[in-house]
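Single-structure report; data block below.
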Amino acid sequence: MNGTMKVAVMTGIGQMAYEQRPIPTLKDNEVLVKLEYVGICGSDMHYYETGAIGNYVVEPPFVLGHEPGGVVVEVGKNVHHLSIGDRVALEPGKTCGHCEFCRQGKYNLCPDVVFFATPPVDGVFQEYVAHEADLCFKLPDNVSTLEGALIEPLAVGFHAANQGGAHAGQTAVVMGAGCIGLVTMMALKAEGISRVYVVDIMQKRLDKALELGADGVINGKEKDAVEEVLSLTNGQGCDLVIETAGTEFTTRQAIHMAKKGANLVLVGYSKTGEMTLPMSLVLDKELTLKTVFRYRHIYPMAIDAVAAGKVNLKGIVTNIFSFDDIQNAMNCSIQDKSNIVKAVVQISR
-8 MNGTMKVAVM TGIGQMAYEQ RPIPTLKDNE VLVKLEYVGI CGSDMHYYET GAIGNYVVEP
52 PFVLGHEPGG VVVEVGKNVH HLSIGDRVAL EPGKTCGHCE FCRQGKYNLC PDVVFFATPP
112 VDGVFQEYVA HEADLCFKLP DNVSTLEGAL IEPLAVGFHA ANQGGAHAGQ TAVVMGAGCI
172 GLVTMMALKA EGISRVYVVD IMQKRLDKAL ELGADGVING KEKDAVEEVL SLTNGQGCDL
232 VIETAGTEFT TRQAIHMAKK GANLVLVGYS KTGEMTLPMS LVLDKELTLK TVFRYRHIYP
292 MAIDAVAAGK VNLKGIVTNI FSFDDIQNAM NCSIQDKSNI VKAVVQISR
C-alpha cells in the first residue's frame, strides 16, 4: 500500500506531536494491519514521564504503544493463514528463534527480541504497522479489536497465574488493582482459583475489581491487609500471592500473608529496582518466588478465554481517547490514576 500515515511521536518528556511517515512496506512473511485500538501501558506512561526505564532510554522522536488490535489490509506472499479483513491481536515482540531461550520455548527471555515501544524500537501509536504474520492472532467473531488490543496485558496476567501454578481449590491474593492486577485476577478466576482477593489503596480500583469478579477486596489505607488475609484464611495465609504494585511495602506484605509452602509471583517493577525483604521469613515458610517478564505461548489461550466469556476485557477499560487527543490521553493517564484504570487510544474506526 502506497501513501503516508499519521504517527504520534514523543518529542520530549511530557510532549507529544504528530508526523506523516510512509506506510510500511511488507516483507513476504508479514501482514499490514490497519490499527483500530492501542492500549496505554504503564511503561508508555513511564517513558513519557521520565524518558527512561532502567537502561532503556528514549531518544526522541519516539513512538510509544505496544498493545495493538486492528484489521489486516495487505498480506505478504508467504502468508497463508491470514486474509485481508481478518481482525487480529498483535503480539509485540519478535524474537530471534535460534538462541538458547528460543530453542527451549522460553522466547520471552530472548536477548535479541525486537519489542514495540522498547527503545530504540518504535511502538504503534500510528495508523498502520507491518508485523510478522505468525505474531498476528486472528480474533473470533465475538471478540472485538478493542479486546484484541488488551490481549497483551491479559497475557501478562495469564503468565503470572501460570508461573504461580494456579489451580482449583486455592485461595489467592493479588496486590494492586491497576490494569495488570485486574487482568491477573481475571486470569486466576479463569484458571479455576476458588477465591481471589485484591488489595489496593484506591477504592475506585477496588470497586472495579469487585465488578470484574474478585471474591473480596481490601483497602490497604483503611485496614491491615496482612491481618485481613489471615482472618479470611483462618490464620493460615493464602496459597498464592501475585504482587503487581511493584513496591517494597506490598512485597513485604505478600510474604507475610502467604501460607507456608506457597508460591509468590512478582510482576510489578519497583521504581528503584531494589528492595529489602524479610528473607528469613521466606526461608522459614519455604516460599517459592517466581517472577514474570512479559509472557510466552499465551495469546491463543487468552483469546479463547475472552471468546468463551471467562474474562471480561472490555470491563477494565475506563477511558477511550481519540488518536487526535494523544497528548491529553497521556497526561490524563498519568495525572488521574485514581479514576483511570485502563485507557485506550482509538486509532481508527
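According to the working numbering, the sequence shown holds residues -8 to 340 in order.
By construction, the Cβ of each residue, glycine as well, lies at the ideal position given by its N, Cα and C atoms.
If you're wondering where the values come from, they're calculated on a predicted model, not measured in any experiment.
- prompt: Alpha carbon to alpha carbon, what distance is there between Ala80 and Ala8?
  reply: Answer to the nearest angstrom: the Cα atoms are 26 Å apart.
message: Between Val350 and Glu138, how many whole angstroms is the CB-CB distance? I'm expecting something under 8 Å.
response: No statement about residue 350 is possible, as the shown extent of the chain runs from -8 to 340 and does not include it.
query: Would Met270 be called buried (16 or more neighbouring beta carbons within 10 Å of its own) or exposed?
result: exposed
Ile317 vs Val336 beta-carbon contact at 9 Å: yes
message: I'd like the ranges of any beta strand (DSSP E) spanning at least 3 consecutive residues and lying wholly in the segment 233 to 285.
response: 249 to 257 and 279 to 282
query: Shortest alpha-carbon distance to Ala168 belongs to which of Asn330, Phe92 and Gly3?
result: Ranking the options by Cα distance to Ala168, first place goes to Asn330.
- prompt: For Arg196, which three-state DSSP category applies?
  reply: helix
query: How about Cys127 and Val24: are their beta carbons less than 9 Å apart?
result: yes
query: In three-state terms, what does DSSP make of Ser74?
result: Looking at Ser74 - three-state DSSP - the assignment turns out to be coil, as it is neither helix nor strand.
message: What does the Cβ neighbour count give for His57, buried or exposed, with the cut at 16 atoms within 10 Å?
response: Per the 10 Å Cβ criterion, buried.
- prompt: Along the chain, where does the alpha helix (DSSP H) that runs through Ile142 open and close?
  reply: Ile142 to Gln154
- request: Could you please give the first and the last residue of the uninterrupted alpha helix (DSSP H) stretch that includes Pro291?
  value: Tyr290 to Ala298
message: Once the 5 residues before and after Arg285 are set aside, which same chain residues still bring their CB inside 6 Å of it?
response: Asn99
task: Identify which residue in Val189, Asn210 and Ala253 has its Cα closest to the Cα of Gly204.
output: Val189
field: Span of the alpha helix (DSSP H) around Glu218
entry: Ala216 to Leu223
task: With a 10 Å radius around its C-beta and 16 neighbouring C-beta atoms as the bar for buried, classify Thr175 as buried or exposed.
output: buried
As assigned by DSSP and simplified to three states, the class of Val174: Helix, per DSSP.
message: Considering just the uninterrupted stretch of the beta strand (DSSP E) at Asp191, what are its terminal residues?
response: Arg186 to Asp191
field: Same chain, Cβ closer than 6 Å to Ile14, neighbours up to 5 away in sequence not counted
entry: Met(-8), Gly(-6), Met(-4) and Tyr119
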